[in-house]
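See below for the structure under consideration.
Number of protein chains: 2
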Amino acid sequence: MKKLIIASTSTLHGGKYLDYLLPVLEQHFAACEEILFIPYARPGGISHDDYTENVRLAFAKINKSVKGLHEFDNPIEAIQSAQGLFTGGGNTFLLVSQLYGNKVMDVLAKVIENGTPYLGSSAGSNIAGLTMQTTNDMPIIYPPSFKTLGLLPFNLNPHYLDADLQSKHMGETRETRIKEFHNFNTIPVLGLREGSWLEVTGEKIILKGNLSARIFRQNETPTEIEPENDLAFLGK
Amino acid sequence: MKKLIIASTSTLHGGKYLDYLLPVLEQHFAACEEILFIPYARPGGISHDDYTENVRLAFAKINKSVKGLHEFDNPIEAIQSAQGLFTGGGNTFLLVSQLYGNKVMDVLAKVIENGTPYLGSSAGSNIAGLTMQTTNDMPIIYPPSFKTLGLLPFNLNPHYLDADLQSKHMGETRETRIKEFHNFNTIPVLGLREGSWLEVTGEKIILKGNLSARIFRQNETPTEIEPENDLAFLGK
Numbered sequence: 001m002k003k004l005i006i007a008s009t010s011t012l013h014g015g016k017y018l019d020y021l022l023p024v025l026e027q028h029f030a031a032c033e034e035i036l037f038i039p040y041a042r043p044g045g046i047s048h049d050d051y052t053e054n055v056r057l058a059f060a061k062i063n064k065s066v067k068g069l070h071e072f073d074n075p076i077e078a079i080q081s082a083q084g085l086f087t088g089g090g091n092t093f094l095l096v097s098q099l100y101g102n103k104v105m106d107v108l109a110k111v112i113e114n115g116t117p118y119l120g121s122s123a124g125s126n127i128a129g130l131t132m133q134t135t136n137d138m139p140i141i142y143p144p145s146f147k148t149l150g151l152l153p154f155n156l157n158p159h160y161l162d163a164d165l166q167s168k169h170m171g172e173t174r175e176t177r178i179k180e181f182h183n184f185n186t187i188p189v190l191g192l193r194e195g196s197w198l199e200v201t202g203e204k205i206i207l208k209g210n211l212s213a214r215i216f217r218q219n220e221t222p223t224e225i226e227p228e229n230d231l232a233f234l235g236k
Numbered sequence: 001m002k003k004l005i006i007a008s009t010s011t012l013h014g015g016k017y018l019d020y021l022l023p024v025l026e027q028h029f030a031a032c033e034e035i036l037f038i039p040y041a042r043p044g045g046i047s048h049d050d051y052t053e054n055v056r057l058a059f060a061k062i063n064k065s066v067k068g069l070h071e072f073d074n075p076i077e078a079i080q081s082a083q084g085l086f087t088g089g090g091n092t093f094l095l096v097s098q099l100y101g102n103k104v105m106d107v108l109a110k111v112i113e114n115g116t117p118y119l120g121s122s123a124g125s126n127i128a129g130l131t132m133q134t135t136n137d138m139p140i141i142y143p144p145s146f147k148t149l150g151l152l153p154f155n156l157n158p159h160y161l162d163a164d165l166q167s168k169h170m171g172e173t174r175e176t177r178i179k180e181f182h183n184f185n186t187i188p189v190l191g192l193r194e195g196s197w198l199e200v201t202g203e204k205i206i207l208k209g210n211l212s213a214r215i216f217r218q219n220e221t222p223t224e225i226e227p228e229n230d231l232a233f234l235g236k
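Protein sequence lines correspond, in order, to chains W and A. Its first residue numbered 1, the first sequence is counted upward by one per residue in UniProt numbering. Its first residue numbered 1, the second sequence is counted upward by one per residue in UniProt numbering.
What follows is the structure in structure tokens.
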């Protein structure tokens, strides 16, 4: 049975890495002693080693050890034998390129479908959707495809930002960008605000945190959904 | 001789479409009675016809007529015989996909290199760089390549935004995103603020408007360049 935590952000303003999620993660990874971390997205260009070390420090607080996927000669086997999985944020184009390049996109989807507990934050959450096409990231590298894990029956927009009505900036708002996506795509999109996460258990997709999330569907006016509601209906 | 106006934005806050640029465009397109408009980027999903109509209204103020590239059966011939060219903003992934799909990327570069006056704004400016990899847009469609016109010896980040030091948002700043680009790419990037444009005449690339622009180079601290300076050195 699928078991996912899909977080908008790893870190809240003024907080430490993963801190706000640690009570949730303690339960989520209760059966795991070791977490396999996928550091491919490399936020700000941090090295795989340094990124994994940051994650190690955070998980030490709930007594879990951490290994980085880059430490293994055979990443496919590493994923197949992982007790629990975490893909961190950074650049989604880079992450997806690396997952395809190392031929682990399919195996990752398969072990998660089969029940290996998964945590994603930011870019690591983006890839849980059907495609990466509603990422906020810059296309710093050309991936072989925009298709991602498809663990959710919709796409995510993490770090969702409401339009700032005071702004004098003329760049597109997040909502306009998602509207442009829906000119060419029927996939629903969930705008997940910072501090929100999804708790996926089998077919249930429950919105967690204190904030509502914004639902975008092709040819429909966006709506808000409140915490504790199930988002599975978006796939129907 | 190349003759380009490369604008960060088509519209300033509180202003009308292209208004702040009209005196510049009157000179730039002095020899043209008709402008060929490339509406492919479709901001907010506007139709090609409606987008072209908006552009027609703006250019009417300086007594230029406008045709949309989508009105022609043979877009290659239309570009080859254009007196002046304008590519409007919207989604860069869509624009680049359409330029490749209609097989006009190369011919567009060629006529502009040979002297057809060109105006780009936002996405239409992005494509003047070497690649579209420093766009701010969402990957709503998968283009066959990120390579663009290469009329400038660097990449552009239009609508460049300085980090808001008061913000509690944890998404990456524009500067962080460009830094991530430079982990994998050596191409210099110019952050062009709204209200700024480049005036390209042959090999000269002069920064115009009242604001400085921000220069990003691999492994270097970003620097600012003031208006009226030549950016050609970035290609050397």
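Backbone N, C-alpha and C define an ideal beta-carbon position, used for all residues, glycine too.
Quiz item: Where does W:Thr131 fall in DSSP's three states?
Solution: Of the three classes helix, strand and coil, the one that applies to W:Thr131 here is strand, per DSSP.
Practice problem: Check whether the region 94 to 107 of chain A touches the region 46 to 65 of chain A, counting contact only when three or more Cβ pairs, one atom from each stretch, lie closer than 8 Å. | Solution: Output reads no: the region 46 to 65 of chain A does not touch the region 94 to 107 of chain A.
Quiz prompt | Runs of beta strand (DSSP E) lying entirely within the region 3 to 76 of chain A, each at least 3 residues, in chain order | solution = For the region 3 to 76 of chain A, whole beta strand (DSSP E) runs of length 3 or above, ordered along the chain, are 3 to 7, 34 to 38 and 65 to 68.
Quiz item: Mind checking if W:Asn91 is an interface residue toward chain A, Cβ cutoff 7 Å exclusive?
Solution: Chain A, which has a Cβ nearer than 7 Å to the Cβ of W:Asn91, makes this yes.
Quiz item: Thinking C-beta only, is A:Leu190 closer than 7 Å to A:Phe154?
Solution: At the C-beta level, A:Phe154 and A:Leu190 come within 7 Å of one another.
Quiz item: Buried or exposed: A:Asp137, going by 16 or more other Cβ atoms within 10 Å of its Cβ?
Solution: Buried, since its Cβ has 16 or more Cβ neighbours within 10 Å.
Self-check item: Proximity test, Cβ basis, 7 Å: W:Ser159 and chain A
Solution: Checking the displayed sequence, the identity of residue 159 of chain W turns out to be His instead of Ser. Among the residues facing chain A, W:His159 is included, as its CB has a counterpart in that chain under 7 Å away.
Quiz item: If we count the other Cβ atoms within 10 Å of its Cβ and call it buried at 16 or more, is W:Gln133 buried or exposed?
Solution: Classification for W:Gln133: buried.
Exercise. Would you list the residues sitting across from A:Leu198 in a DSSP beta bridge?
Key: Paired residue(s): A:Ile6 and A:Leu207.
Quiz item: How would you list, in chain order, the residues of chain A whose beta-carbon sits under 9 Å from the beta-carbon of W:Met105?
Solution: Ordered by position in chain A, no residue passes the 9 Å Cβ test against W:Met105, which lies about 15 Å from the chain.
Quiz item: What are the uninterrupted segments assigned as beta strand (DSSP E) that are 3 or more residues long and contained completely in the region 160 to 198 of chain W, given in chain order?
Solution: When DSSP assignments are scanned along the region 160 to 198 of chain W, the uninterrupted stretches of beta strand (DSSP E) that are 3 or more residues long and fall wholly within it turn out to be 189 to 191.
Exercise. Could you tell me which residues DSSP puts in a beta bridge with A:Ile215?
Key: Partner(s): A:Leu190 and A:Thr223.
Quiz item: Does the beta-carbon of A:Glu199 have 16 or more other beta-carbons within 10 angstroms, so that it is buried, or is it exposed?
Solution: A:Glu199 is buried by the Cβ-count criterion.
Practice problem: Evaluate contact between the region 210 to 226 of chain W and the region 6 to 25 of chain A, counting only Cβ atoms and requiring at least three cross-stretch pairs below 8 Å. | Solution: No: fewer than three Cβ pairs fall under 8 Å.
Practice problem: Could you say if the region 17 to 26 of chain A and the region 93 to 100 of chain A meet the contact criterion of at least three C-beta pairs nearer than 8 Å? | Solution: A contact between stretches requires three or more CB pairs, one per stretch, nearer than 8 Å, and the region 17 to 26 of chain A fails this requirement with the region 93 to 100 of chain A.
Quiz prompt | Close Cβ partners of A:His159 (< 7 Å) along its chain, the five nearest in sequence each way excluded | solution = The beta carbon of A:His159 sits closer than 7 Å to the beta carbons of Ser8, Thr9, Ser122, Asn136 and Glu194 from its chain, once the five residues preceding and following it are set aside; these are given in chain order.
Quiz item: Would you report the Cα separation of W:Asp49 and W:Pro39, rounded to the nearest angstrom?
Solution: W:Asp49 and W:Pro39 have their C-alpha atoms some 8 Å from each other.
Quiz item: Hey, quick one: how far does the beta strand (DSSP E) through W:Asn126 stretch, first residue to last?
Solution: Counting along the chain, W:Asn126 falls outside any beta strand (DSSP E), though it belongs to the alpha helix (DSSP H) covering Ala123 to Asn126.
Exercise. Measure from the alpha carbon of A:Ala213 to the alpha carbon of each residue in A:Ala78, A:Leu231 and A:Ile225, then state which is nearest.
Key: Of the listed residues, the one whose Cα sits closest to A:Ala213 is A:Ile225.
Quiz item: Who are the Cβ neighbours of A:Leu57 in its own chain at under 8 Å, not counting the five residues just before and after it?
Solution: For A:Leu57, same chain residues with a beta-carbon under 8 Å away, outside a window of 5 residues either side, are Tyr17 in chain order.
Quiz item: In the DSSP assignment, what are the bridge partners of residue 255 of chain W?
Solution: The requested residue 255 of chain W is not part of the displayed model; chain W covers only 1 to 236.
Practice problem: Report the residue from A:Phe181, A:Leu165, A:Gly202 and A:Arg174 whose alpha carbon sits nearest the alpha carbon of A:Leu192. | Solution: If we check each option's Cα against that of A:Leu192, A:Arg174 comes out closest.
Quiz item: Can you tell which of W:Thr221, W:Phe37 and W:Ile205 has its C-alpha closest to the C-alpha of W:Leu69?
Solution: The option with the nearest alpha carbon to W:Leu69 is W:Phe37.
Practice problem: Determine which residues of the region 124 to 135 of chain A have a Cβ less than 9 Å from any Cβ of chain W, and write them out in chain order. | Solution: For the region 124 to 135 of chain A, the set of residues with a beta-carbon nearer than 9 Å to any beta-carbon of chain W comprises Thr131, Met132, Gln133, Thr134 and Thr135, in chain order.
Quiz item: Which residues in the same chain have their Cβ closer than 7 Å to the Cβ of A:Gly209, if we skip the five residues on either side of it in sequence?
Solution: Excluding positions up to five away in sequence, the list reads Gly195, Ser196, Trp197 and Pro227.
Quiz item: Taking only beta-carbon atoms, is W:Pro75 less than 7 Å away from chain A?
Solution: By this cut-off, W:Pro75 is not an interface position.
Quiz item: Expressed to the nearest angstrom, what Euclidean distance is found between the alpha-carbon atoms of W:Ala78 and W:Phe72?
Solution: Answer to the nearest angstrom: the Cα atoms are 7 Å apart.
Quiz item: Quick one: what does DSSP say W:Lys236 is sitting in, helix, strand or coil?
Solution: Here W:Lys236 sits in coil by DSSP.
Quiz item: Beta-carbon separation of A:Pro43 and A:Gly89 under 7 Å?
Solution: In this structure, A:Gly89 lies closer than 7 Å to A:Pro43 by Cβ.
Practice problem: Please confirm if residue 277 of chain W has its CB atom under 7 Å from at least one CB of chain A. | Solution: In the structure displayed, chain W extends from 1 to 236; residue 277 of chain W sits before or after that span and is not available.
Self-check item: 9 Å Cβ cut-off: residues of chain W touching A:Asp137
Solution: Ordered by position in chain W, the residues that pass the 9 Å Cβ test against A:Asp137 are Pro139, Glu172, Arg177 and Glu180.
Practice problem: Find the nearest neighbour of residue 246 of chain A within the set A:Asp162, A:Ile35 and A:Phe233, judged by alpha-carbon distance. | Solution: Residue 246 of chain A falls outside the range modelled here, since chain A spans only 1 to 236, and no answer is possible.
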